[in-house]
Structures are given as C-alpha cells and as structure tokens.
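The next block holds one structure in the form of structure tokens; read it before the comments.
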Amino acid sequence: MRLKTAKDIDDGLSYLSNTMEEYMEISRKYGEKTKDALNAAIKKLKRELIARQNSSIQQYTSQLTHLQDSYDLIWKLIRNIKRPMPVSSPLRGTGDWIVKDKEKSEEFANHLKKKTFTNKAILDLPIAL
C-alpha cells in the first residue's frame, strides 16, 4: 500500500481499522475451539484432496501399457497437473475490464472512498508528516 500523501495514510488507517474491526467481530463470533476445529477440518480436507489426486494419477498410470504411445499419454497427464488458474481482471462501474495495475489501484481507491468507516477515533487522529 502506498503511504506517500496524507490521503494515502488516511486510506491506510481506514483499511487497518476495518481489518481490525472484522478480526474482532470474527473473534467474538467464533471461539478458539471453533477456530481449532475449522483449521483441523481444512487440513483434513486438503489431505483428502491430495490423496484423491494421487490415487487418480496412480490409477491412470497403472493402466498404461507398452502397446500404447505412452510418451504422449504421460505428457497429457503431466501437463494438466499443475495448470495455473486464470486470473480475471476486475470490472469498472461501466462494465469494461481493468487491465493495468494503475487503473486497478485507482478503482480500488475509488471503491474505498465510497465506503463509510465507523471507527472515528482512529480517523480523527492527527497525522504527523
């Protein structure tokens, strides 16, 4: 986050304030036991997904025979394993895509301007430059 101007610092403080408020709300809503249970469930789910992926790869490779063109079949398998996920660019209010990073940051800054921040104690602090 850029912190060169007073406006940037205000935006940064507002973002920090909102993040802290969200964290406190989540902490109040979910206790420590719930958090531990959720983390354990997430780890278990990740292990299950990896195990299923490994078993499907093993099953596929065990079915390959020397009669087939195995090089091409293995290549097809490997090239699909770690395919990068496509990143979709955000939309402007007009409906067209934002491609450049500078335009993305400007649109995000405009979005933050429209938000109302409830923690006035942090926003009213004097800024020492």
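The numbers in the UniProt record's numbering rise by one with no breaks, and the one at position 114 of the sequence shown is 114. Glycine included, each C-beta is placed from N, C-alpha and C at the ideal position. All of these numbers come straight from a predicted model, not from anything done at the bench.
Name the DSSP beta bridge partners of L91, please? Paired residue(s): W97.
Kindly list the residues whose CB is nearer than 6 angstroms to the CB of Q53, restricted to its own chain and excluding five residues on each side of it in sequence; keep chain order. Nothing listed; no residue qualifies.
Where do the ends of the alpha helix (DSSP H) carrying Q63 lie? Segment: none, Q63 is in no alpha helix (DSSP H) and carries neither H nor E.
Reduced DSSP secondary structure (H/G/I, E/B, other) of L38: Helix at L38.
Which same chain residues end up closer than 7 angstroms to A109 when comparing Cβ atoms and leaving out the 5 residues on each side of it in sequence? Correct list, in chain order: D11.
Give the straight-line distance between the Cα atoms of N107 and S17, rounded to the nearest whole angstrom. The residue asked about is misnamed: residue 107 is Glu in this sequence, not Asn. The C-alpha of E107 lies about 20 angstroms from the C-alpha of S17.
What first and last residue would you give for the alpha helix (DSSP H) that runs through K4? Element bounds for K4: n/a, residue is neither H nor E.
Suppose contacts are defined by Cβ-Cβ distances below 8 angstroms. Is I57 in contact with L38 by that definition? Taking the C-beta atoms as reference points, L38 is found no nearer than 8 angstroms to I57.
Would DSSP call K115 helix, strand or coil? The answer is coil: DSSP assigns K115 none of H, G, I, E or B.
Under the three-state reduction of DSSP, which class applies to Y30: helix, strand or coil? Taken through DSSP and simplified to helix, strand or coil, Y30 comes out as coil.
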